[in-house]
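Visitor: Please find one structure pasted underneath; my questions will follow.
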Amino acid sequence: MRLGTTLFLILLVASVPLAAAPAISTSPGEINHIEGFALLNGRQLADGSASSELIGDGGLLVTAAGYAEVLLDPGVFLRVGPNAAVRFETIHPNQISMQLERGEVLIDAAAEPGGRISIQFSSLKIAPSIPGLYELDGNACRAQIYAGAAEVRDATGTDFVHKGEQAGCNTGVQKFDSNRADALYVWSSRVAEYEAAASYGGAYKLAANDTAPSWRWDDVLHCWGYVPREGVVADPLGWSYAASARELRKALILNGPRIGYPALVDRRNPPRILSTPSPGGTVDLARARRVHPPHAVVPWNPGPGPVGAPIPGAP
9 MRLGTTLFLI LLVASVPLAA APAISTSPGE INHIEGFALL NGRQLADGSA
59 SSELIGDGGL LVTAAGYAEV LLDPGVFLRV GPNAAVRFET IHPNQISMQL
109 ERGEVLIDAA AEPGGRISIQ FSSLKIAPSI PGLYELDGNA CRAQIYAGAA
159 EVRDATGTDF VHKGEQAGCN TGVQKFDSNR ADALYVWSSR VAEYEAAASY
209 GGAYKLAAND TAPSWRWDDV LHCWGYVPRE GVVADPLGWS YAASARELRK
259 ALILNGPRIG YPALVDRRNP PRILSTPSPG GTVDLARARR VHPPHAVVPW
309 NPGPGPVGAP IPGAP
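Numbers 9 to 323, taken from my numbering, label the letters of the sequence shown in order.
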């Protein structure tokens, strides 16, 4: 998926007529992006591939020196880090269950997962309950909740784990430093900008009575974007998704145009500009600059560049 970062592209997306795009949606298990090397059921996937691969029941997705993004429920993304293996045991609209065999994944839920999505690793099984950001490390056997809440089951019973807490195989529920992020978190934040940009473009093309939520394909960005049922929905990483042109215009009136960053920005949680992790493997979220503060006058900016690339001038 490639993000054209010129003012012309932004104006082009904004000017597409409402009737130009049909209502297109996809199914759970669609691979939205591959960066680097990945295998699906032993078959290598092309770098940057999207919209042509659908994971079915029992499918095994493996990464090496790369990342992958898989669509789950509308508004719920699974992002897979390097050297990971995820088996999709059941992947239906009403139930998605996965087995994390190794490595690290992040579930970015802008929509309500409602416990329909679960992932097992070692003795832990986690089911996100509400929108949030859930990072799961199969090697360290821990689940960290950056935002939201989840039901976590292990051999001793069930706990509800909340924002700023982590659950481990042998440690129970503990606090963790949610201001420290790793490379998968940084990559997820950059990819989320693409998804929000696709939502921005898709919202202009929807009729006022179009019923969402759904995934909508963006021909300019070459990726699926999430369009919610109504209003503007904030992603836990700070980007926002907009429903229908009417809702989008209301949001533009409230927030003002964001030239250079086509995705709308959540007033309460503007996206951070995240640097490449330090040699220790972490990024300090508390010190990371925001894309721009609320109500700021924003000059045109070419944006952060290709997904996964370092951002010039980032702290």
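In this text, a Cβ means the ideal position worked out from N, Cα and C, and glycines have one as well.
So, does the stretch 83 to 97 touch the stretch 107 to 122, judging by three or more C-beta pairs under 8 Å?
Guide: Flag = yes, the stretch 83 to 97 and the stretch 107 to 122 touch.
Visitor: Can you round the beta-carbon distance between Glu-77 and Val-199 to whole angstroms, since I take them to be within the 8 Å contact cut?
Guide: Counted from its first residue, the sequence shown places residue 77 at position 69. Counted from its first residue, the sequence shown places residue 199 at position 191. Contact flag correct, Cβ pair sits at about 6 Å.
Visitor: Does the Cβ of Ser-131 have 16 or more other Cβ atoms within 10 Å, making it buried, or fewer, making it exposed?
Guide: As a first step, residue 131 must be located in the sequence shown, where it is residue number 123. With fewer than 16 other Cβ atoms within 10 Å, it is exposed.
Visitor: Report yes if the CB atom of Glu-159 is closer than 8 Å to the CB atom of Ala-135, and no otherwise.
Guide: In the sequence shown, counting from the first residue as 1, residue 159 sits at position 151. In the sequence shown, counting from the first residue as 1, residue 135 sits at position 127. Yes.
Visitor: Kindly list the residues whose CB is nearer than 6 Å to the CB of Ile-39, restricted to its own chain and excluding five residues on each side of it in sequence; keep chain order.
Guide: Your numbering for residue 39 matches position 31 in the sequence shown. Result list for Ile-39: Glu-61, Val-78, in chain order.
Visitor: Output needed for Ser-197: all residues of its chain with C-beta closer than 6 Å, excluding positions within five of it in sequence on either side, in chain order.
Guide: As a working note, residue 197 is residue 189 in the sequence shown. Cβ neighbours of Ser-197 beyond the five flanking positions: Leu-245, Leu-282.
Visitor: With DSSP as the reference, label Gly-67 as helix, strand or coil.
Guide: Here residue 67 is taken as the residue at index 59 of the sequence shown, counted from 1. It is a strand residue.
Visitor: Verify whether the separation of the beta carbon atoms of Leu-80 and Ile-104 is less than 8 Å.
Guide: Here residue 80 is taken as the residue at index 72 of the sequence shown, counted from 1. Here residue 104 is taken as the residue at index 96 of the sequence shown, counted from 1. For Leu-80 and Ile-104, yes; Cβs fall inside 8 Å.
Visitor: Can you check which of these residues, His-100, Thr-34, Ala-72, Arg-51, is closest to Gly-64 by C-alpha distance?
Guide: Stepping through the sequence shown from its first residue, residue 64 is reached at position 56. Of the candidates His-100, Thr-34, Ala-72, Arg-51, the one whose C-alpha sits nearest the C-alpha of Gly-64 is His-100.
Visitor: Taking C-beta to C-beta, are Ala-151 and Gly-140 nearer than 8 Å?
Guide: Against the sequence shown, residue 151 aligns to sequence position 143. Against the sequence shown, residue 140 aligns to sequence position 132. Result no, Cβ atoms of Ala-151 and Gly-140 do not sit closer than 8 Å.
Visitor: Where do the N-terminal and C-terminal ends of the beta strand (DSSP E) with Ser-126 fall, by residue?
Guide: Position 118 of the sequence shown holds residue 126. Here the beta strand (DSSP E) through Ser-126 covers 125 to 129.
Visitor: Does the Cβ-Cβ distance between Val-291 and Pro-278 come in under 8 Å?
Guide: Within the sequence shown, numbered from 1, the residue matching residue 291 stands at position 283. Within the sequence shown, numbered from 1, the residue matching residue 278 stands at position 270. No, Cβ-Cβ distance for Val-291 and Pro-278 is not below 8 Å.
Visitor: Excluding the 5 residues preceding and the 5 following Ala-191 in the sequence, name in chain order all residues of the same chain whose CB lies nearer than 6 Å to its CB.
Guide: As a working mapping, residue 191 is identified with position 183 in the sequence shown. Correct list, in chain order: Pro-285.
Visitor: Please identify the residue among Ser-248, Ser-252, Arg-297, Gly-289 whose C-alpha is closest to the C-alpha of Asp-116.
Guide: On the sequence shown, residue 116 is found 108 positions in, with the first residue counted as 1. Nearest C-alpha to Asp-116: Ser-248.
Visitor: Whole-angstrom Cβ separation of Ile-138 and Glu-120, contact assumed at under 8 Å?
Guide: Along the sequence shown, read from residue 1 onward, the residue named residue 138 stands at position 130. Along the sequence shown, read from residue 1 onward, the residue named residue 120 stands at position 112. Indeed, because the Cβ distance is near 6 Å, the residues count as touching under 8 Å.
Visitor: Please look up how many angstroms separate the CB atoms of Asp-243 and Gly-233, rounded, as I've assumed it's under 8 Å.
Guide: Against the sequence shown, residue 243 aligns to sequence position 235. Against the sequence shown, residue 233 aligns to sequence position 225. The pair is not a contact, with the Cβ atoms about 11 Å apart (cut-off 8 Å).
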